[in-house]
Every structure is written in structure tokens, then in C-alpha cells.
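Terminal number for the sequence shown in the working numbering: 714, no gaps in between. All C-beta atoms in this analysis are idealised placements derived from N, C-alpha and C, irrespective of residue type, glycine included. Scroll down for the structure; my scribbles are underneath it.
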Amino acid sequence: MNSTLSPPSCLPVMPVFQAVEHNCHRRLKYGGITQHKFGGGQHSLVLPRLASIMSYHVSNSRSTCRVATPANEGTVSVVDFDELIEKDWSFLEPVDNNSEQQHKQKIDQIISAGEIAETSKVLISISSEHFVDRIVECSPCQQLLVVHDSLFTLACIKEKYDNVKCWQGEMLYLPEDWVALDVVFLYFLPALPFQLTQILETLSKHCLPGARIVISHPSGRQMVQEQKKRHPDIVVGDELPGKITLQDVATDNSFQLVKFVDEPDFYLAVLKLAKNG
């Protein structure tokens with residue numbers, strides 16, 4: 438079956454969802470990752486079928502392609518392929534054995550701040566695989582939810598932990614049934630292209646009274662500045678908030694700042710949703 442491509446700048450190169458071998462030596466499964474977001478809207482996404490028909494990649498210029506499928510498979514709408522091209526999130530992972538041990542200690546400190554119980558419903562936003570691994574290993578909970586920009590990262594998580602619910606999209610458009618949250622980890626806040634007040638306003642609608650929001654960076658704000666220079670396409674949000682700013686924004690959205698650490702190589706802030714929030 439021939440595919441119809443428009444405009445002609447869409448060139449056949451490699452499958453969009455092809456895993457990069459040096460990043461992951463596993464065979465990825467895309468089932469169970471739902472609610473992909475295209476161009477500001479929300480759409481349910483049948484990943485295996487989409488991956489099988491999208492064998493085209495765009496050049497560096499911004500282009501849009503239309504892919505026609507057999508009649509019995511339905512139709513895929515116009516998709517902005519820039520939304521599908523995977524970005525390199527590997528900089529969030531520890532790079533060597535020495536740094537990995539220090540990184541692990543800081544990760545454990547961040548997780549501890551969430552005060553996860555076995556009955557907790559936990560949401561993780563934009564984190565490393567290592568962070569998810571540590572929570573699964575050390576802090577069992579009733580339900581673990583992960584939201585990330587990267588389908589590749591979510592696929593790797595989903596392959597290891599089938600019970601973890603994964604969603605590819607933006608924090609302001611969480612699935613409506615992702616509610617009654619007890620703990621939320623905003624692991625890499627500077628990757629979120631929204632103002633902090635927007636994020637907290639959204640979370641206040643998805644969290645239970647008394648829920649804890651943990652904002653963190655295991656290497657501190659100086660590292661965020663370096664990461665922004667190296668990865669401007671990923672670090673698109675604001676810098677880590679200072680204490681006064683955080684207190685003001687938290688109060689405006691029915692949260693209370695209960696812990697704040699801002700060291701050169703470590704950042705941790707914990708907010709708690711008011712009981713009457």
C-alpha cells in the first residue's frame with residue numbers, strides 16, 4: 438500500500454520510534470502508554486499501530502506529514518513530526534560509578550521527603566529511569582503513575598514495571614482519572630514549559646488534602662544552568678524557584694512550604710496541600 442506524503446520535504450530515513458541501541462539494548466513494547474498529546478490537544482494513541490506505519494522522519498526544518506493507511510486500519514490525522522522526534526534525556530542519569538553512589542544518596546533523600554506509604558498514590562513527572570527504579574525498589578506504594586515527554590523513557594519503564602501507569606503528555610493536561618494523589622514528585626521542574634502557579638493549580642485539583650509535592654534537583658540550580666546551555670530544547674521552563682517566590686506561589690494555590698533546601702549541589706522543596714484545599 439503506497440503512502441501519501443505532503444509536503445515533499447518529508448523524507449524516508451528511519452522509523453520514528455526505532456530504539457537507539459546504545460541507549461537501550463532491549464526490545465521495546467509500547468502497549469500501555471496512553472494519552473499522547475499532539476500540538477496542544479489530547480488524543481488517545483494506539484502505539485503499536487502508529488509505530489508500524491510511521492517509517493518517515495523529518496529533516497531539521499519544521500514539517501508536517503500526512504500518512505494514509507489501509508481502509509481497514511482507519512486514518513491517522515495530520516501529525517507534526519517534531520512532536521514525535523525523541524530528545525536525548527540521558528543527561529538525567531548518573532554518568533559513572535562514583536557519581537552514581539552520590540546520586541543514589543540524594544535520590545533517596547528526595548524520595549524520603551515524599552513520605553510514601555504503602556497506601557499512597559504517587560505521581561512522578563519528568564524523571565530519570567533510575568529515580569523510578571529507586572521508588573519501586575525502596576518505597577512500595579498502592580499505585581505509581583509516571584508522566585514524561587519521552588515515549589522512549591516511558592517504554593523502558595513500562596517494560597520493566599507493567600503495573601506502573603505511564604502517560605506521554607504535559608502536566609497541565611493530566612488524565613481526568615489521575616486523581617486522589619498523595620505524593621507528586623516534580624523531579625525536573627525546569628523541563629516543564631509552564632509557570633509554577635499553573636502547575637500547582639493543576640495539581641491542587643488532582644491531589645488529596647495533605648498531599649506532598651516534592652520539587653527537586655539532585656545536582657542543584659547551578660547544574661540546571663549548565664543543562665539549559667547544553668540542552669536548550671529540553672530545559673525550556675523557568676529556573677528552580679527561590680524560597681520567597683515558592684512561598685508566595687504555594688500560598689496562592691492552597692499549599693504550604695514545609696521544607697526547603699537550596700545548596701550549590703542539591704535542591705529540595707516540599708509543599709503540602711492544605712487540609713481544606
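E566 classed as buried or exposed, judged by whether at least 16 other C-beta atoms fall within 10 angstroms: E566 counts as buried, since no fewer than 16 other beta carbons sit within 10 angstroms of its beta carbon.
Span of the beta strand (DSSP E) around L609: Per DSSP, L609 belongs to no beta strand (DSSP E) and is neither H nor E.
Can you tell me whether DSSP reads C644 as helix, strand or coil? strand
I want to know whether the region 644 to 659 touches the region 606 to 623 - three or more CB-CB distances under 8 Å. yes
For P646 and T634, the rounded distance between their alpha carbons: 18 Å
Does the Cβ of P577 have 16 or more other Cβ atoms within 10 Å, making it buried, or fewer, making it exposed? In summary, P577 is exposed, with fewer than 16 beta-carbon neighbours lying within 10 Å of its beta-carbon over all protein chains present.
Which partner residues of A706 appear in the DSSP bridge assignment? I652, F697
Would you say Y704 and L677 are within 7 Å of each other, going by their C-beta atoms? In contact: Y704 and L677 (Cβ atoms closer than 7 Å).
Beta-carbon proximity check, V583 vs C603, cutoff 7 Å: yes
Pick out whichever of D670, L609, R571, V559 has its Cα sitting closest to the Cα of A628. For the residues D670, L609, R571, V559, the minimum Cα distance to A628 belongs to D670.
Only counting runs of 3 or more residues, tell me where the beta strand (DSSP E) segments fall wholly within the region 540 to 628, in order along the chain. The region 540 to 628 contains these whole beta strand (DSSP E) runs: 558 to 562, 580 to 585, 602 to 605, 618 to 623.
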